[in-house]
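**Q**
Residue numbers (the numbering used here), protein chains in the order written: chain A, 77 to 472; chain B, 136 to 431; chain C, 3 to 347.
1) For the region 138-164 of chain C, list every residue whose C-beta sits within 7 Å of some C-beta in chain B, in sequence order.
2) Using a beta-carbon distance below 7 Å, is residue 276 of chain A in contact with chain B?
3) With C-beta atoms as the reference, is residue 125 of chain A less than 7 Å away from residue 297 of chain A?
4) Suppose contacts are defined by Cβ-Cβ distances below 7 Å. Is residue 397 of chain B in contact with residue 92 of chain A by that definition?
5) Do residue 255 of chain B and residue 217 of chain B come within 7 Å of each other at the CB atom, strictly closer than that value?
6) Answer yes or no: does any C-beta atom of chain C fall closer than 7 Å to that of residue 297 of chain A?
7) DSSP three-state call for residue 128 of chain C: helix, strand or coil?
8) Which whole-angstrom value is the C-beta distance of residue 276 of chain C and residue 337 of chain C, which I expect to be below 8 Å?
9) For residue 359 of chain B, which residues in chain A fall below 9 Å Cβ to Cβ?
10) Taking the CB atoms as reference points, tell me whether residue 251 of chain B and residue 301 of chain B lie closer together than 7 Å.
11) Please list, in chain order, the residues of the region 358-387 of chain B that have any C-beta partner in chain C closer than 8 Å.
12) Leaving out five residues before and five after residue 358 of chain A in sequence, what residues of the same chain have Cβ atoms less than 8 Å from its Cβ?
13) Go ahead and label residue 172 of chain C buried or exposed: buried means 16 or more other beta carbons lie within 10 angstroms of its beta carbon, across all protein chains shown.
14) With DSSP as the reference, label residue 235 of chain A as helix, strand or coil.
15) Which residues does DSSP list as the beta-bridge partners of residue 422 of chain B?
16) From A/248, A/429 and A/334, pick the residue whose C-alpha is nearest to that of residue 272 of chain A; which is it?
17) Please report the distance separating the alpha-carbon of residue 42 of chain A from that of residue 306 of chain A.
18) Work out the CA separation of residue 410 of chain B and residue 419 of chain B for me, nearest whole Å.
19) Strictly under 7 Å for the Cβ-Cβ distance: is residue 298 of chain B near chain A by that measure?
20) Would you list, in chain order, the members of the region 259-284 of chain B that have their beta-carbon closer than 7 Å to a beta-carbon of chain C?
21) Using DSSP bridges, identify the partner residues of residue 265 of chain B.
22) Just to make sure I have the definition right: I need the residues of chain A whose C-beta is within less than 9 Å of the C-beta of residue 28 of chain C. Which are they?
23) Excluding sequence positions up to five away, which residues of its chain have a Cβ less than 7 Å from the Cβ of residue 69 of chain C?
24) Residues of the region 420-433 of chain A in Cβ contact with chain C at a cutoff of 7 Å, in chain order, please.
25) Determine the extent of the alpha helix (DSSP H) in which residue 115 of chain A is found, giving its start and end residues.
26) Determine whether the Cβ of residue 204 of chain B lies closer than 7 Å to any Cβ atom of chain C.
27) Is the CB-CB distance between residue 75 of chain C and residue 165 of chain C below 7 Å?
28) For residue 388 of chain B and residue 83 of chain C, which I take to be in contact (beta-carbon distance under 8 Å), what is that distance rounded to the nearest angstrom?
29) Any beta carbon from chain B within less than 7 Å of residue 268 of chain A's own beta carbon?
30) Could you tell me the alpha carbon to alpha carbon distance between residue 274 of chain C and residue 331 of chain C, rounded to whole angstroms?
31) Helix, strand or coil for residue 77 of chain C, going by three-state DSSP, please let me know.
32) Can a CB atom of chain C be found closer than 7 Å to the CB of residue 226 of chain A?
33) Is there contact between the region 437-452 of chain A and the region 145-161 of chain A, where contact requires at least three CB pairs shorter than 8 Å?
34) Confirm the yes/no value for this check: CB of residue 135 of chain C, any heavy atom of the ligand GTP, distance under 6 Å.
35) Going by alpha carbons, who is nearest to residue 148 of chain A out of A/332, A/459, A/443 and A/452?
36) So, at 7 Å on beta carbons, what are the nonlocal neighbours of residue 326 of chain B in its own chain, with the 5 sequence-adjacent residues on each side left out?
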């Protein structure tokens, strides 16, 4: 019998079947990616729906980012399933009492929504390219036009209505898509670490901050690569957005943890043991200390002191990268952490992730990079850039 | 609208072209409209026909069959139940081995349809030491992962109280695992058994997470989940589940709750029984006698 | 509505229709029959072939063993303590089973294509239930293994089918043919005497000894890791199992005579010590079990050599090793005198 890679070591007493951890690092990557999808979409809707002009430079970039992440989202799940060839079964015979059955329809609906919104937004560009380009790319764009080159006022007005409708629908859509992941964990009564009504909003708000942080990083990198100056007003806006949502996200997580400790139900002893032992590095140090406290302090400082220019730029980019890291650690600590606390309430397991394999650290790394490879291709096909002269590079 | 600066200004041209091409466009549009309407009509008819056919088939099926085709067995006549007398269990683990052989379960220390836990209270300690046959110390005592034996690790210790508790799937009345399955691969039969359809299971392991008792596991060979079935293939033939058949001390009791004289009915009548984790709301159907506060 | 919107809606409607058609097509026919699952699955699961049977199936061919078992303590229906056949012998199906159920040297396939086994290591098997362990209820008969019989196999003393019945025959060899044995015994007379006993013979007295014990001893000389004696190993080299059984039958049929010339004091001392031997070797040195040898009438020097052999490990027997260690040389001599003097058959 070959050793199964995911055998977990343990202390205390665990059920014999628990020594194989069911949900691996793939199920850490999956909510991280849907979180980026939801967060990036929220970023774009700040402009599209709420009309915040300062976010115009990143609005369409956010939309494309959301789409590229969404295309990779099914992959960690397919790699995890025992029978990926049956992955359509939840859509063929959906068991409506199960949150997972919702996923197939929700994800398809949302993917279609993203594709449509991107299509409407880039339609004038598509039409222009269809008329100008030759060969395969010409054909590609011509197909995308659906045979219509109509850019009349009537058509554009219709498009605008559709974009608005899609953007508005997309907000609950994106949040439903990612929120249901939180619901899956929060609604399970078998694990005390997961079981909480606050799980969906916690997942959602950490998704939003990860999306904003992602856009900060992508926007800054894209400006660097294109050798254009960064729109500091936009950047400052994102800094405020990140700061505001972060405070709320941390508040929710704090309340959840506090209620867990305060309620002190059966199973609390092993949770305390876990939190004060194995969790010191991944949770307290990495997720909270490095990933949350430092960016929060930094952003607060910058907001209070009205930091601008290069200092704001550096501070924000650093905060964004730390936030991206902390949100990944949050997914890890919830998913893996929950499974490291045995259902017996009397033991703790240790998950050993494979380095190479189907559900391994290597595949995780590839899946995390893949959306950005797609994005790199996407921005070349559908450039989302806006003139930067419209906004002054720096406030006087 | 956004986009690059080179998007042609279509507003001015379109008005003219609308005027000039109006006649052609109009007839073209008419044609288009008709073809569109025709298509929609055909699509609607197609949908309607498909829907009608589907409902016809399913309603036929619903009225004709009320039980699966199992020779000599009518699931409407039975309601199975299971009892465990932990005061009798000697921890010989014959049940664990028999189950693995009967049901072709992986012969290793990480996949069990049933298992036995040992609780040992040592003198002066409040909390018991708990282990199962899967503990590395016990695997070492048996010599291999394919054989099962409890190591006599407490023979020289001062033991206040000790006992064995067999565990397995509880075939709950409101199974959390059935609720969370996204495809309907796991279900509760009319005669009270929770089964897994390995041809439908996609292997997402949501059910493994949902079970509070740790009864389910992922079967690498089937790439689907697996668990105790109360030996459905045996009980529908009038046999006992393998674990009940081999238990030498009658610690495991099985029978038809519809039969008032069956072993399980007597067991429930003669004893004050407990179930595991009643607060879960799952309403388990394995009834225990002789467990104590630490057993969950 | 603008053209492109119309076409977009068209594409979406077509896609929806195709998706719905696919959903209907791919839904298994028996789904929703009884609930939200594939109805055919129930019958599929129920149609698996069982592996374990019931003891009644074994009774058909193994009536004698079944009868022993049915009357014995491994079948106490009133107490609910029943050790069924397949618990020790493995399932009656044709699937291969390893583990405590390792086939014994005969390796013969069970007729009807089954693959049930005779457990080879009874210590490993019986202690699964009978090793004394905290947690086992008092009603369960338990022993401290090391103190009970050392490393001796359980089946050395117990009949696995009826463990408290020491009169029943355990799995010993078949009865031999004494007449055929007599023909072979010519070669043995030089050491063991023409009549199977005598004074000052190189080999121990064999006359009237238990047939089962003799057969097991001969086979032990042939088996690697069994009894070791160059002379005897050479003697049995050319013998078949049947030869050995016949020889055993022959010597068992002979009558022996005790020496009757021992020291009275020694005999008295030996008698006192012999009380502890009585459980297995009988009160007067005639044992009740075919596997346990008679000691009555055995030559004194051979008796003492045997005890010494058990003490220094050259003769292997878990039970006897323990016993021999408790006896001094003087004790051995006294016992030897007593048994040499004891009336033998």
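We treat Cβ as the ideally placed atom computed from N, Cα and C, and that holds for glycine.
For clarity, every value in this text was computed on a predicted model and none was experimentally measured.
**A** According to the structure data:
1) 138, 139 and 142
2) Counting from one through the first chain, the residue named residue 276 of chain A turns up at place 200. Not an interface residue.
3) Counting from one through the first chain, the residue named residue 125 of chain A turns up at place 49. Counting from one through the first chain, the residue named residue 297 of chain A turns up at place 221. For residue 125 of chain A and residue 297 of chain A, no; Cβs fall outside 7 Å.
4) Against the second chain, residue 397 of chain B aligns to sequence position 262. Against the first chain, residue 92 of chain A aligns to sequence position 16. No, they are not a contact pair.
5) One-based indexing of the second chain puts residue 217 of chain B at position 82. One-based indexing of the second chain puts residue 255 of chain B at position 120. The answer is no: Cβ separation not under 7 Å.
6) Counting from one through the first chain, the residue named residue 297 of chain A turns up at place 221. It does not; no Cβ of chain C falls within 7 Å.
7) Residue 128 of chain C sits at position 126 when you count from the first residue of the third chain. Of the three classes helix, strand and coil, the one that applies to residue 128 of chain C here is helix, per DSSP.
8) Here residue 276 of chain C is taken as the residue at index 274 of the third chain, counted from 1. Here residue 337 of chain C is taken as the residue at index 335 of the third chain, counted from 1. Sure, about 6 Å apart at Cβ, within 8 Å.
9) On the second chain, residue 359 of chain B is found 224 positions in, with the first residue counted as 1. Simply 158 and 159.
10) Position 116 of the second chain holds residue 251 of chain B. Position 166 of the second chain holds residue 301 of chain B. Yes. Within cutoff.
11) 364, 366, 367, 368, 369, 371, 372, 374, 377, 380, 381, 383, 384 and 385
12) To locate residue 358 of chain A, count along the first chain from 1; it is residue 282. So the list reads 405, 408, 409 and 413, once near-sequence residues are dropped.
13) For this step, residue 172 of chain C is matched to residue 170 along the third chain. At residue 172 of chain C, the pLDDT of 48 sits below 50, so the modelled position is not reliable; the number obtained from the coordinates is stated separately. Under this definition residue 172 of chain C is a buried residue.
14) The residue you call residue 235 of chain A lines up with position 159 of the first chain. In this structure, residue 235 of chain A counts as helix in the three-state DSSP scheme.
15) Along the second chain, read from residue 1 onward, the residue named residue 422 of chain B stands at position 287. Note: residue 422 of chain B sits in a beta bridge opposite B/218.
16) Here the question's residue 272 of chain A lines up with position 196 in the first chain. Answer by Cα proximity: A/334.
17) What the structure shows of chain A is the stretch from 77 to 472, and residue 42 of chain A is not part of that stretch, so it cannot be assessed.
18) By 1-based counting over the second chain, the position of residue 419 of chain B is 284. By 1-based counting over the second chain, the position of residue 410 of chain B is 275. Rounded to the nearest angstrom, the two C-alpha atoms are 6 Å apart.
19) Locating residue 298 of chain B in the second chain gives position 163, counting from the first residue. Chain A contact via Cβ: absent.
20) 281, 282 and 284
21) Taking the second chain and counting its residues from 1, the one referred to as residue 265 of chain B is at position 130. B/254, per the DSSP bridge assignment.
22) Locating residue 28 of chain C in the third chain gives position 26, counting from the first residue. Simply 164, 165, 168 and 169.
23) The residue given as residue 69 of chain C occupies position 67 in the third chain. Excluding residues within five positions, none has a Cβ falling inside 7 Å.
24) none
25) For this step, residue 115 of chain A is matched to residue 39 along the first chain. Looking at the DSSP string, the run of the alpha helix (DSSP H) that includes residue 115 of chain A is 102-124.
26) For the purposes of this step, residue 204 of chain B is identified with residue 69 of the second chain, where counting begins at 1. With 7 Å as the cut-off, residue 204 of chain B counts as an interface residue toward chain C.
27) Here residue 75 of chain C is taken as the residue at index 73 of the third chain, counted from 1. Here residue 165 of chain C is taken as the residue at index 163 of the third chain, counted from 1. Yes.
28) Locating residue 388 of chain B in the second chain gives position 253, where the first residue counts as 1. Locating residue 83 of chain C in the third chain gives position 81, where the first residue counts as 1. About 14 Å separates the two Cβ atoms, so there is no contact after all.
29) In the first chain, the residue the question calls residue 268 of chain A occupies position 192. Residue 268 of chain A does not count as touching chain B.
30) Taking the first residue of the third chain as 1, we reach residue 274 of chain C at position 272. Taking the first residue of the third chain as 1, we reach residue 331 of chain C at position 329. Roughly 16 Å separates the two Cα atoms.
31) Counting from 1 along the third chain, the entry for residue 77 of chain C is found at position 75. It is a strand residue.
32) In the first chain, residue 226 of chain A corresponds to position 150, counting from 1. Closer than 7 Å to some Cβ of chain C, the Cβ of residue 226 of chain A qualifies, so yes.
33) yes
34) What this structure holds is no ligand at all, so the ligand GTP is not there to describe.
35) The residue you call residue 148 of chain A lines up with position 72 of the first chain. Ranking the options by Cα distance to residue 148 of chain A, first place goes to A/443.
36) In the second chain, residue 326 of chain B corresponds to position 191, counting from 1. Excluding residues within five positions, the ones whose Cβ falls inside 7 Å are 210, 213, 214 and 215.
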